[in-house]
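Chemist: The opening residue of the sequence shown carries number 163 in the numbering used here; numbering runs sequentially from there. Have a look at this one.
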Amino acid sequence: MTIEQLKSLTEDETAMLWGIVNMGVPPVIQGVQMEPSLFVSIKDHKLKDRVLQFDKYVKPEYSSLYQSLKAKLGY
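Structure representation (structure tokens):
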């Protein structure tokens, strides 16, 4: 993830990405208070894998938000 991609995210998209990254098992980043600026330090393949694995967990009411997040990340 680039800094430009991070800046393009809405507050809701950032919150969703935080949940995907930290609430999944195992968390991608452990033992740190999650700050959005840390997203750029996650290896691209790890972030992409985690986001794409979340497909099956997205509730219908959050589908458009999730699709927007994936589009902004280039997935």
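Note that beta-carbon positions come from the ideal geometry of N, C-alpha and C, so glycine has one too. Model, not experiment: these values are computed from the prediction.
1. Give the straight-line distance between the Cα atoms of L227 and D217, rounded to the nearest whole angstrom.
2. Assuming E166 is part of the alpha helix (DSSP H), what are its boundary residues?
3. Just to check my reading of the structure: I165 and V202 have Cβ atoms closer than 8 Å, yes? What is that Cβ distance to the nearest angstrom?
4. Below 8 Å CB to CB, which residues in the same chain sit around K210 once its five sequence neighbours on both sides are set aside?
5. Closest to K221 by CA distance: which of A233, I204, T172, M178 is it?
Modeler: Result, derived from the coordinates:
1. 12 Å
2. 165-170
3. Contact holds; Cβ gap of about 6 Å.
4. If we look at K210 and ignore the five residues flanking it on each side, its Cβ neighbours are L235, Y237.
5. M178
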